[in-house]
Ligand SMILES: Cc1cc2nc3c(=O)[nH]c(=O)nc-3n(C[C@H](O)[C@H](O)[C@H](O)COP(=O)(O)O)c2cc1C
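Numbering (this note's numbering), first residue to last: 6 to 226.
In structure tokens form, the structure reads like this:
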């Protein structure tokens with residue numbers, strides 16, 4: 006993949022993108038060049054997923070009427086109408102619906118998996134998913150959130166800004182994008198060019214939430 010950063014001469018390295026990223030609440034109306042958006046989608050689906058099942062379902066909301074409806078489903082948070090695109094990250098808890106063939110064939114064709122691995126996955130994936138029961142939704146959401154994190158950091162690296170958003174009504178978001186009932190909505194992520202600088206609101210000291218070996222043993226470095 007060729008890197009086509011827009012307005013950023015050189016893509017930021019990962020540590021710089023992590024540190025520079027802020028949740029942006031106000032976007033310029035400037036569109037994202039189609040090749041840049043495509044690159045962002047490619048970097049998004051480069052994310053890992055459980056057994057490589059790729060159960061995320063990603064909808065790019067760009068149409069003005071769709072953006073208005075999505076904004077209404079999100080407590081009228083204006084980022085969604087302002088940003089040129091909002092990625093809606095959903096998970097299909099039933100994926101891959103019993104047909105593992107495309108995933109297994111890709112693994113074999115790439116040389117990443119041999120027949121032994123493929124055979125193991127043919128049994129292990131359905132077995133693992135079956136024992137998950139109600140947790141399949143939660144597992145799908147994990148994959149979708151990891152993909153969303155790839156999007157946010159890749160966007161930052163390529164000169165764009167984002168806002169992770171959990172403030173929305175799931176049924177309404179599903180209705181807007183036409184998602185089946187059984188899907189889970191994981192996150193909304195408006196992407197565009199920031200219309201404001203934002204300060205880092207800060208992070209708690211490690212003593213609040215980072216431990217060594219057992220909870221309560223502080224990490225004092
Ligand atoms: C899962 C998640 C959900 C969030 N939901 C919203 C949201 O609905 N609206 C919003 O304006 N910000 C939302 N935020 C942004 C947080 O408020 C923000 O990440 C936090 O204040 C830290 O700021 P920073 O992202 O600039 O570091 C969300 C962040 C995360 C990770």
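Glycine included, every Cβ here is placed at the ideal spot set by N, Cα and C.
Using a Cβ-Cβ cutoff of less than 6 Å, which residues in the same chain neighbour residue i once the five nearest sequence positions on both sides are dropped?
| i | result |
| --- | --- |
| residue 182 | 64 and 93 |
| residue 27 | 203 |
| residue 49 | 152, 155 and 156 |
| residue 53 | none |
| residue 197 | 32, 88 and 89 |
| residue 19 | none |
| residue 212 | 223 |
So the candidates are the options; which of them puts its Cα closest to the Cα of residue i?
| i | options | result |
| --- | --- | --- |
| residue 171 | 105, 95 and 36 | 95 |
| residue 117 | 208, 56, 67 and 139 | 56 |
| residue 105 | 219, 134 and 143 | 134 |
| residue 144 | 187, 98, 218 and 213 | 98 |
| residue 173 | 209, 85 and 137 | 85 |
| residue 103 | 112, 58 and 42 | 58 |
| residue 36 | 70, 91 and 73 | 91 |
Ignore the nearest five residues each way along the sequence and tell me which others in residue i's own chain have a CB closer than 7 Å to its CB.
| i | result |
| --- | --- |
| residue 162 | 16, 17 and 22 |
Whose C-beta lies closer than 8 Å to the C-beta of residue i among residues of the same chain, with five residues either side of it excluded?
| i | result |
| --- | --- |
| residue 215 | 223 and 224 |
| residue 205 | 27 |
| residue 13 | Its pLDDT being 48, under 50, residue 13 is placed unreliably by the model, and nothing is read from it. |
Quick one: give me the first and last residue of the beta strand (DSSP E) that residue i is part of.
| i | result |
| --- | --- |
| residue 219 | 219-223 |
| residue 91 | 90-96 |
| residue 196 | 189-197 |
| residue 62 | 61-66 |
Taking residue i and residue j to be in contact with their CB atoms under 8 Å, please state how far apart those CB atoms are, rounded to whole angstroms.
| i | j | result |
| --- | --- | --- |
| residue 146 | residue 189 | 5 Å |
| residue 31 | residue 193 | With a Cβ gap of about 16 Å, residue 31 and residue 193 do not count as contacting. |
| residue 150 | residue 191 | 5 Å |
| residue 29 | residue 167 | 7 Å |
| residue 220 | residue 75 | Contact flag wrong, Cβ pair sits at about 39 Å. |
If you follow the alpha helix (DSSP H) that residue i is in, where does it begin and where does it stop?
| i | result |
| --- | --- |
| residue 141 | 141-162 |
| residue 127 | 120-137 |
| residue 29 | No alpha helix (DSSP H) contains residue 29, which DSSP labels as neither H nor E. |
| residue 211 | 211-214 |
| residue 181 | 175-182 |
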